[in-house]
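*Asks:* Heads up: the sequence shown runs through residues 5 to 96, numbered per this note's numbering.
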Amino acid sequence: MIITTSDIVDKKYEIIDVVFAFGSAKNGIFKTENPSEGYPKVKELLKEKAKELGADAIIGVRFNYRDIVNQGCGTTTRSFEVHGYGTAIKFK
Numbered sequence: 005m006i007i008t009t010s011d012i013v014d015k016k017y018e019i020i021d022v023v024f025a026f027g028s029a030k031n032g033i034f035k036t037e038n039p040s041e042g043y044p045k046v047k048e049l050l051k052e053k054a055k056e057l058g059a060d061a062i063i064g065v066r067f068n069y070r071d072i073v074n075q076g077c078g079t080t081t082r083s084f085e086v087h088g089y090g091t092a093i094k095f096k
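1. Check each candidate in 96, 85 and 92 and name the one with the smallest Cα separation from residue 29.
2. Drop a sphere of 10 angstroms on the beta-carbon of residue 46, count the other beta-carbons inside from all chains shown, and report buried for 16 or more, exposed for fewer.
3. What is the C-beta distance between residue 54 and residue 23, in whole angstroms, given that I count them as a contact (C-beta under 8 angstroms)?
4. Which runs of the alpha helix (DSSP H) spanning at least 4 residues fall entirely within the stretch 21-93, listed in chain order?
5. Grab me the residues of residue 95's own chain with a C-beta within less than 6 angstroms of its C-beta, minus the 5 sequence neighbours each way, in chain order.
6. Could you round the C-beta distance between residue 21 and residue 57 to whole angstroms and report it? I think they count as a contact, below 8 angstroms.
7. How close, in whole Å, do the beta carbons of residue 88 and residue 11 come, if the pair is a contact with beta carbons under 8 angstroms?
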């Protein structure tokens, strides 16, 4: 499956739908506290969702990262989230 942050200009395609994936260290999606290791997991989740739609590629992919700090009762916990989204397409 092709995943790109840009468009694909050398092939004709039809847009299927927007795909979105989310992962968080807090909800156990990631087995790490290292945010850079979260991006590949979200990328794989995007691929799975696109395959379910019958897509050949995902274009215009973007990733966002959010650091979460929770404070309360004398404790501080840190976590992070990674969000990914793009447009699932099917080649003609």
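Backbone N, C-alpha and C fix where the C-beta goes; we use that ideal spot for every residue, glycine too. Because the structure is a prediction, the values reported are computed rather than measured.
*Replies:* Well, looking at it:
1. 85
2. buried
3. 5 angstroms
4. 42-56
5. 15, 17 and 60
6. 6 angstroms
7. That belief does not hold up - the Cβ atoms of residue 88 and residue 11 are roughly 17 angstroms apart, past 8 angstroms.
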